[in-house]
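**Q**
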Amino acid sequence: MEQKESVLEINELTWYINSRYGIDLSMYRTTCMKRRIMHRIQMVGCDSIDEYFIYLNEHPEEIERLKDIVTIHVTGFFRDEDVFRKLETVLFPELIGRKKENGGVVRIWSAGCSTGDETYSLAILMDYLLSKYSPGMELEVFGTDISEESTKTARAGLYSEEKITRVPAQMKSVAFEPEDGMFRISNRIRRSVKFRVHDLFSPPPFSLLDLIVCRNVLIHFEHDIRGQVISRFHSALSDEGLLILGKSEALESGSGDQFEIVDPRNKIFRKLIVKKDAESSNQTQGGK
24 MEQKESVLEI NELTWYINSR YGIDLSMYRT TCMKRRIMHR IQMVGCDSID EYFIYLNEHP
84 EEIERLKDIV TIHVTGFFRD EDVFRKLETV LFPELIGRKK ENGGVVRIWS AGCSTGDETY
144 SLAILMDYLL SKYSPGMELE VFGTDISEES TKTARAGLYS EEKITRVPAQ MKSVAFEPED
204 GMFRISNRIR RSVKFRVHDL FSPPPFSLLD LIVCRNVLIH FEHDIRGQVI SRFHSALSDE
264 GLLILGKSEA LESGSGDQFE IVDPRNKIFR KLIVKKDAES SNQTQGGK
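24 is the number of the first residue of the sequence shown in my numbering; add one for each residue after it.
1. Starting from the N-terminal side, write out each stretch of the alpha helix (DSSP H) that is 4 residues or longer and does not extend beyond the stretch 202 to 276.
2. Leaving aside the five residues before and after Glu85 along the sequence, list all residues of the same chain whose C-beta is less than 8 Å from its C-beta, in chain order.
3. Under 7 Å: does the beta carbon of Ser225 sit that close to some heavy atom of the ligand PLP?
4. For Asp103, does the three-state DSSP call read helix, strand or coil?
5. Going by the beta-carbon positions, is the gap between Phe101 and Arg189 smaller than 8 Å?
6. Between which two residues does the beta strand (DSSP E) carrying Asp168 extend?
7. For Gln193 and Ile242, what's the separation of their Cα atoms in angstroms?
8. Would you tell me roughly how many angstroms separate the C-alpha atoms of Asp140 and Glu161, rounded to the nearest one?
9. Roughly how many angstroms lie between the CA atoms of Arg211 and Tyr143, to the nearest whole one?
10. If we call anything under 8 Å between Cβ atoms a contact, is Ser215 one with Ala259?
11. What separation, rounded to the nearest whole angstrom, lies between the Cα atoms of Met205 and Asp73?
12. According to the Cβ coordinates, are Cys237 and Gly135 closer than 8 Å?
13. I'd like to confirm the pairing. Which residues does DSSP put opposite Leu181 in its beta bridges?
14. In whole angstroms, what separates the C-alpha of Phe107 from that of Thr176?
15. Based on Cα-Cα distance, which residue from Phe199, Arg255, Leu265 lies nearest to Pro226?
16. Any idea which residues DSSP pairs Lys294 with across the strands?
17. What would DSSP say about Val129, mapped onto helix, strand or coil?
18. What's the call for Ile267, buried or exposed, on a 16-neighbour Cβ count within 10 Å?
19. The alpha helix (DSSP H) with Glu111 in it runs from where to where?
20. What separation, rounded to the nearest whole angstrom, lies between the Cα atoms of Arg63 and Leu231?
21. Please report the straight-line C-alpha distance between Thr174 and Lys195, rounded to a whole angstrom.
22. Per DSSP, what kind of secondary structure is Glu124 in: helix, strand or coil?
23. Tyr75 to Glu272, Cα distance in whole Å?
Shown next as structure tokens:
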């Protein structure tokens with residue numbers, strides 16, 4: 024198959040997937056998306072995209088597997104020690120302090136959460152700090168992913184011993200319960216965590232969030248789509264809410280009036296309040 028033909032046929036395939044299943048793969052970076060589709064086609068034993076069209080019709084469950092391949096990203100408990108150290112020593116204590124003064128619930132969104140490792144990590148850490156500094160404060164942690172299979176795994180909350188090796192020892196006994204050679208998330212942590220399927224190209228399912236963590240997800244999107252997602256994050260955050268991206272990611276140009284940099288190395292940003300036109304006009308010269 025010639026390269027030009029394969030590009031054209033892959034575009035036709037993504038159009039077909041969007042029209043039939045409502046999954047818009049064109050939002051993802053073209054070269055990365057096409058490479059992963061071609062890899063999947065070879066994995067199922069098809070010799071051409073025409074054959075894969077037939078395979079999709081005969082195996083409707085394949086669409087979920089293809090979606091997982093295209094949107095896959097690395098995850099793990101307490102992945103990236105620098106980020107979690109910053110959360111534990113500075114950002115979460117500051118957040119707890121503000122909540123103590125003003126009241127309210129701590130609300131966190133792990134976007135593109137995959138199998139839930141990061142979502143539970145955030146819940147485990149915040150639960151640990153709340154037990155020390157503000158035991159009565161309520162915690163809500165949301166995990167979303169485009170993959171139904173990944174969210175099923177996350178809801179089950181069952182992980183191998185190898186998976187949870189990075190969980191700090193002082194938190195592990197409270198966060199996990201042994202079960203048949205595996206470790207299941209404890210009821211205490213589970214009560215504060217909810218998972219749902221969500222496409223980041225859609226409006227945010229939550230609001231008034233104190234923290235959004237979306238690491239190594241935006242890098243898979245085209246530049247204009249990244250800017251749209253960042254704007255949605257801004258609208259979903261409360262005043263002074265934080266956004267954490269992956270270390271290889273950055274805010275799109277034009278997002279400078281939405282966020283300020285808190286930690287450039289760890290890609291942590293704080294929401295800026297965008298002034299409305301009505302405010303800048305100062306009541307249009309006294310209402311004239």
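Backbone N, C-alpha and C fix where the C-beta goes; we use that ideal spot for every residue, glycine too.
**A** Well, looking at it:
1. As far as the stretch 202 to 276 is concerned, its whole alpha helix (DSSP H) runs of at least 4 residues are 210 to 213, 246 to 259.
2. Cβ neighbours of Glu85 beyond the five flanking positions: Val67, Tyr78, Leu79.
3. Absent from the structure shown: the ligand PLP. Ligands present: none.
4. When DSSP states are grouped into helix, strand and coil, Asp103 belongs to the coil group.
5. Yes, the pair counts as a contact, with Cβ atoms nearer than the cut-off.
6. Secondary structure note for Asp168: its beta strand (DSSP E) is the uninterrupted segment 162 to 168.
7. Between the alpha carbons of Gln193 and Ile242 lies a gap of roughly 34 Å.
8. One C-alpha to the other measures close to 21 Å.
9. If you take the alpha carbons of Arg211 and Tyr143, they lie about 11 Å apart.
10. For Ser215 and Ala259, no; Cβs fall outside 8 Å.
11. The alpha-carbon atoms of Met205 and Asp73 are separated by roughly 43 Å.
12. Gly135 sits close to Cys237, with the two beta carbons spaced by under 8 Å.
13. BP columns for Leu181 point to Arg207.
14. Note on geometry: alpha-carbon atoms of Phe107 and Thr176 lie some 23 Å from one another.
15. Out of Phe199, Arg255, Leu265, Arg255 has the C-alpha closest to the C-alpha of Pro226.
16. According to DSSP, Lys294 bridges with Phe282.
17. Val129: strand per DSSP, three-state reduction.
18. So Ile267 ends up on the buried side.
19. Bounds of any alpha helix (DSSP H) do not take in Glu111, whose DSSP letter is neither H nor E.
20. If I take the Cα positions, the gap works out to 39 Å.
21. Cα-Cα distance, rounded: 22 Å.
22. Under the three-state reduction of DSSP, Glu124 is assigned to helix.
23. Straight-line measurement puts the Cα of Glu272 at about 33 Å from the Cα of Tyr75.
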